[in-house]
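Its first residue numbered 1, the sequence shown is counted upward by one per residue in full-length UniProt numbering.
Ideal placement from N, C-alpha and C gives every residue a C-beta, glycine not left out.
Quick caveat, the model's predicted, so the values are computed rather than measured.
Below is one structure; the comments refer to it alone.
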Amino acid sequence: MFLAFSMLFLAISSGICVTMDAEKKHFRYCGITFAKLFNMSTGLLVNFHDKRNRPRFPGVAVANHLSANDVMTIYSGCDYDGVGYTITGQSHGGIVKYFYKYGGKLTPLLLVNRECDKNRNALLQAIVEHSKSKDEDAYPVLLFPEGYCSNNKSVLQFRKAIFDGQSAIYPIAMKQDSRFGDVFWYEHTFLPYLIRIMTSWCTLIDIYYLPPMYKEKTETEEQFAKRVQNAIAAKISVDALPYDGKLKSEKERLKYKEKLQTCLADKLLI
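In structure tokens form, the structure reads like this:
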């Protein structure tokens, strides 16, 4: 019921804002309200901490990743009189595509197909250009540099591409309390995941805004990415892992399997 209402609100409000050429504050109001309605429909309770460190423009907000709902979870913490986010995400179909289609009318949206190197490079270039924008009303970019959802028992290795020092990095640490419901998206598709969390008692998440971090002159991009990853992991008291989530991809698993088979064959034929 509440989910249907939130989706209807998203479609109608985005249509009205676009048709009436509304001011940016009205787009932001509708975007934040939708995020709050969506959270309510899924039984999500969010506690926000250290709000003085909220991301600002120019800057890039980076967070650990639990599910596709993370965007709504974080966006619901924006001030109506403040700034929103320029959203980035992986291209999806189904319900997630619906959210991107209409949500992208309320806030800037950059999508990427992570299977395509050319597409990823184009996204990186778009983020760099956005961070150089002279528009004082522009929103900071929201990124999930793990690239894959993790179960909140660790933080996967961050991709280094956006840690080039051109923009301030605003770390956001998300910590779930899974006693009443697990927010982690481990299902193959989004709808079964949505049904599971909606039928849980509730889901609890604490969001911590960390102070902005800047790349030091002596640091490489990889070292800076690792330092930000460590800061987020330390805040939620989990390990920062030295590897990413590529093996969640069937294509990458096949590559890894073939590599292992080749190595074993070489050993056996010696």
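query	result
Just the Cα atoms here: how many angstroms apart are D239 and G165?	25 Å
Short check: CB of Y139 to CB of Y209, under 8 Å?	no
Would the stretch 22–37 and the stretch 95–109 be scored as touching if the rule is three or more Cβ pairs under 8 Å?	yes
Answer yes if the stretch 153–173 comes into contact with the stretch 199–217, meaning at least three C-beta pairs across the two stretches below 8 Å, and no otherwise.	yes
Any contact between the stretch 60–68 and the stretch 183–203? By contact I mean 3 or more CB pairs, one from each, below 8 Å.	yes
Among the residues of its own chain, which have a CB less than 8 Å from the CB of F180, if the five just before and after it don't count?	S200, W201, C202, T203, L204
Where does the unbroken alpha helix (DSSP H) through A225 begin, and where does it stop?	221–235
For the beta strand (DSSP E) containing Y208, name the first residue and the last one.	203–209
Round the Cβ separation of F9 and L37 to the nearest angstrom and send it over; I've been treating them as touching at under 8 Å.	6 Å
Going by other Cβ atoms of all chains shown within 10 Å of its Cβ, with 16 needed for buried, is S191 buried or exposed?	For clarity, residue 191 is Leu in the given sequence; the question names Ser instead. It is exposed - the Cβ of L191 has fewer than 16 other Cβ atoms within 10 Å.
Run the CB neighbour count on I16, radius 10 Å, all protein chains shown included, and call it buried at 16 or more, exposed below.	exposed
Beta carbon of F163, beta carbon of E258: below 8 Å?	no
If you run the structure through DSSP and keep just helix, strand and coil, what is Q261?	helix
A61 and L143: beta carbons closer than 8 Å?	yes
According to DSSP, simplified to helix, strand and coil, what is A68?	coil
Helix or strand or just coil, what does DSSP make of K175?	strand
Would you kindly work out how many angstroms separate the C-alpha atoms of S154 and D21, rounded to a whole number?	44 Å
Under the DSSP definition of a beta bridge, which residues are partnered with T73?	DSSP, once it has assigned bridges, lists no residue as partnering T73.
Over what stretch of residues does the beta strand (DSSP E) that includes T33 continue unbroken?	No beta strand (DSSP E) contains T33, which is instead part of the alpha helix (DSSP H) from 24–41.
What residue does the beta strand (DSSP E) around V141 start on, and which one ends it?	141–143
With a Cβ-Cβ cutoff of 8 Å, do Q157 and P242 count as a contact?	yes
For my contact list, S14 and Y102 are in at a C-beta cut-off of 8 Å; report their separation, rounded to the angstrom.	5 Å
Out of A173, R54, V96, N39, point me to the one whose CA is closest to S237's CA.	A173
Distance check for A122 and H26, CA to CA, integer angstroms please.	30 Å
When DSSP labels each residue in this structure, what does N47 get in the three-state scheme?	strand
Would you tell me roughly how many angstroms separate the C-alpha atoms of V18 and E146, rounded to the nearest one?	33 Å
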